[in-house]
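Here full-length UniProt numbering is used: the first residue of the sequence shown is 1, the next is one more, and so on.
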Amino acid sequence: MNTEETLPIDPPCTSTKCAVEATLNIIGGKWKGVILYRLLYGKKRFNELRRDMPNITHRMLTLQLRELESDGLVKRTVYAEVPPKVEYELTELGLTIKPIIKELYNWGKTYL
């Protein structure tokens, strides 16, 4: 198979500004894609995400959410309530990840 004929993308990048590498640095890792997938369906509280992903530790979920927030993909909203209420949701930029997550889902369903 000649990949240049079948892939609708530019040839592999050789510079330090590779779009694939940069994207994977933002959404890669064991949990970020799963978090983004869960948030595609709307706002979630921290413990809802924990219930949806029972194998992630509290610390790891916190770190991954902070990174996604720092990268502009997730918005964290804190409500002035007792007990404190915090919700996470995708930003406008985060919603642009939907086609990527959908393709990952489809690939996994087909090949795993």
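Virtual Cβ for every residue (Gly too), placed ideally from N, Cα, C.
Considering just the uninterrupted stretch of the alpha helix (DSSP H) at residue i, what are its terminal residues?
i, result
"Tyr37", "Lys32 to Leu39"
"Val20", "Ala19 to Ile27"
"Glu81", "Per DSSP, Glu81 belongs to no alpha helix (DSSP H) and is neither H nor E."
"Asn47", "Phe46 to Asp52"
Let me know if residue i comes out buried or exposed under the rule of 16 or more other beta-carbons within 10 Å of its beta-carbon.
i, result
"Lys24", "Checking the sequence, you will find Leu at residue 24 rather than Lys. Exposed, by the Cβ-count rule."
"Val74", "buried"
"Leu112", "exposed"
"Leu95", "exposed"
"Trp107", "exposed"
"Lys109", "exposed"
Closest to residue i by C-alpha separation, out of the options, would be which residue?
i, options, result
"Leu68", "Trp107, Asn55, Arg51 and Gly33", "Gly33"
"Leu93", "Leu39, Ile56, Thr110 and Ala80", "Leu39"
"Ser70", "Glu21, Asn55 and Ile27", "Ile27"
"Ile35", "Val20, Glu81 and Arg66", "Arg66"
From which residue to which residue does the beta strand (DSSP E) around residue i run?
i, result
"Lys102", "Not the beta strand (DSSP E): Lys102 falls in the alpha helix (DSSP H), residues Lys98 to Tyr111."
Segment contact flag, the stretch 73-90 with the stretch 41-53, C-beta cutoff 8 Å, min 3 pairs: yes
Stretch pair the stretch 99-107 + the stretch 60-71: three plus CB contacts closer than 8 Å: no
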